[in-house]
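Reviewing the structure listed below.
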Amino acid sequence: RVFINLSGNTKMRPIEFRGMRMGGKGWAFGSIIVENGCAEIVDNNPDTYPRFILRQVIPESIGQFTGTTDKNGVKIFEGDIVRWIYKPMPFKDTWKEYTLTVQYDEGRFFAAGGTVDADLYCNTDDMEVIGNDYEGVKE
């Protein structure tokens, strides 16, 4: 993992990627190397340090960690599918439910689907990761 410290005790979010290993051998997590259409993830498993393990991954499955977690403490990555249940009007007992995909655009991560766009830095207490755009919804 790479932590960027700009000054003093400021701690930025970890920069981490995930990608599905070739042959469907599960997910690899860590830093990413992309060259000539091939993608590899440098495994961030502390048990293998100082030896680095490169895992070849499917380029279309790669997503970056958003720096946030869902209501269950699960890390949210770009490309995740989340269920968002929220109360649009605080004084009414009406709840709305949406299934959204996590995206990155214009310098921010957000969850979107149809006409709904939810900021990840304000709404993750009401979100739950239910799948990803590579494997689909797991229920």
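Here the sequence shown stands for residues 6 to 144, where the numbers follow the working numbering.
Even glycine gets a Cβ: it sits at the ideal position worked out from N, Cα and C.
Because the structure is a prediction, the values reported are computed rather than measured.
The DSSP-derived three-state label of threonine 104 is strand. If you check the CB distance, glutamate 140 and tyrosine 109 do not come in under 8 Å. Beta-bridge partners of arginine 60 (DSSP): Ile46. Under the 8 Å Cβ criterion, the segment 89-104 does not count as touching the segment 32-51, having fewer than three qualifying pairs. The criterion of a C-beta distance shorter than 8 Å is not satisfied by glutamate 45 and arginine 23. In this structure, the CA atom of valine 134 is about 7 Å from the CA atom of aspartate 75.
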